Each structure stands twice: as structure tokens, then as C-alpha cells.
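The sequence shown begins at 487 in the numbering used here and counts up by one. Report on the following structure.
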Amino acid sequence: MSVALSDYDYDLPRELIAQRPLERRGDSRMMVLDRDAQTIEHRRFRELKRLLHPGDLLVLNDTRVLPARRFSDDGTVEFLLLERLGPRQWKCLVKPGRKMLLGASAKIDDVILQVEQITADGERIVVLDEDVDLYAGGSMPLPPYIGRASDEEDKTRYQTVFAQTPGAVAAPTAGLHFTPE
């Protein structure tokens, strides 16, 4: 089979993109590419064990997703909290970026966040007027193709079953289909 990435482009109708995880994770659909036979099959994730061969390697991401999505008190700015840099200082992505230029400020839970620096890749370094844990009131950062707001159920459903180490600000979606079995 080809290794050109463009050869794997395909249309995925929006109505086929699940907006909520299946109750049983292993029931998720999976596309299987067989390079030797040059075939494509549609299977269920629970069948993965039967498809693996001796010598195959699985790399599992055990990072736990943080509730890193916050909105300003007036609802006009979205913050994705990437990292707490120190007391009162955070690195984040903001939308829309034009509202949070150097020196601009917004409030979250009446705490003022002011842009201290804009990195070369557009991340904002913000300083808070008091030291608080912004994750405490955050919501799960759902993938952009999920067309709904996150809810309490997402705090468990958008974690892998092997999630342990807090630190991710996006769900490792490829691992969401694994079960404890």
C-alpha cells in the first residue's frame, strides 16, 4: 500500500462523527488497512487483539486530560490553559486572539488575567491578579469536531481507561476506545 498521506484522504460525512462516546468503548468502529493484501476493512475496536501480531508495538498515552477550557466572565474569550508556569502565571491559547493582544485583560471568576507576552506561535503568557487554580472551574477541552459544550460526564468519558498522569489539554482520542479488558 502507498505511504503517501494523501492516498488516505477520504470523505467522512459529518453525521457519522459521534458526538458522544459509545456506552461500550470497544463497540467503536475501526478502519483496518492490510498492506500485504492491499485491503481496507471496517471492524470493531474490540477486535484489535485478534489483529495484532507478535512483534507489533502499541504505545499508550497514560496522560490524564485536565479541565483546561475556560471562558471569560463575559463569555467573549475562550482560554485553553496549556500550562501553569508559576504562581499567578499561565501559558494559554485564546480565541479570538484579536481580543487578547499584549496588555489586554479579561476576567475569569472575577480574577483578572492580563496578557504579558505573546509567543511566536501565538500562545499567550498571562498574569493573574491573584494566585488561583484556573483548572478548578474548567471544562473538558473537547475535540473541535464535537459540536456541543462539554458536561460533567465528559470528565470521565474523555479519559482513557489507563489515564494516570495529569497534564493533557486535549483528549488522546485514539486511546478512548480501549477497555480494561
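All C-beta atoms in this analysis are idealised placements derived from N, C-alpha and C, irrespective of residue type, glycine included. If you're wondering where the values come from, they're calculated on a predicted model, not measured in any experiment.
Worksheet item: Excluding five sequence neighbours on each side, which residues of the same chain lie with their C-beta closer than 7 Å to the C-beta of A523?
Response: none
Discussion item. Short of 6 Å in beta carbon distance, which residues of its chain neighbour D559, apart from the five on each side in sequence? Order them along the chain.
Written reply: Cβ neighbours of D559 beyond the five flanking positions: K593.
Discussion item. For the alpha helix (DSSP H) containing K549, name the first residue and the last one.
Written reply: In the sequence under discussion, the amino acid at residue 549 is Thr, which differs from the Lys named in the question. Counting along the chain, T549 falls outside any alpha helix (DSSP H), though it belongs to the beta strand (DSSP E) covering 549 to 551.
Worksheet item: For R529, which three-state DSSP category applies?
Response: strand
Worksheet item: Does DSSP classify A504 as helix, strand or coil?
Response: coil
Worksheet item: In its own chain, which residues sit with a C-beta less than 7 Å from the C-beta of H663, not counting the 5 before and 5 after it?
Response: These residues qualify, in order along the chain: R511, G512, S514, F531.
Item to complete: Kindly identify the DSSP beta-bridge partner or partners of M516.
Response: Bridge partners of M516 according to DSSP: R529.
Worksheet item: For the putative contact between P573 and D617, defined by C-beta atoms under 8 Å, what is the C-beta separation to the nearest angstrom?
Response: Correct: roughly 5 Å between the Cβ atoms.
Discussion item. For L614, which residues in the same chain have their Cβ closer than 6 Å to its Cβ, ignoring the five residues on either side in sequence?
Written reply: R574, V597, L599
Discussion item. Quick check on P627: buried or exposed, where buried means 16 or more other Cβ atoms within 10 Å of its Cβ?
Written reply: buried
Fill in: Secondary structure, beta strand (DSSP E): runs of 3+ residues fully inside the segment 590 to 631
591 to 594, 597 to 604, 610 to 614
Discussion item. Can you tell me whether Y644 is buried or exposed? The criterion is at least 16 other CB atoms within 10 Å of its CB, across all chains shown.
Written reply: Buried, since its Cβ has 16 or more Cβ neighbours within 10 Å.
Fill in: Contacting residues, own chain, Cβ-Cβ under 7 Å from G583 (five flanking each side not counted)
G608
Worksheet item: What residue range is occupied by the uninterrupted alpha helix (DSSP H) comprising R536?
Response: 534 to 537
Worksheet item: In chain order, what residues of the same chain lie with their CB nearer than 6 Å to the CB of A656, ignoring the 5 residues before and after it?
Response: Once the five neighbours on either side are set aside, the close Cβ partners of A656 are P627.
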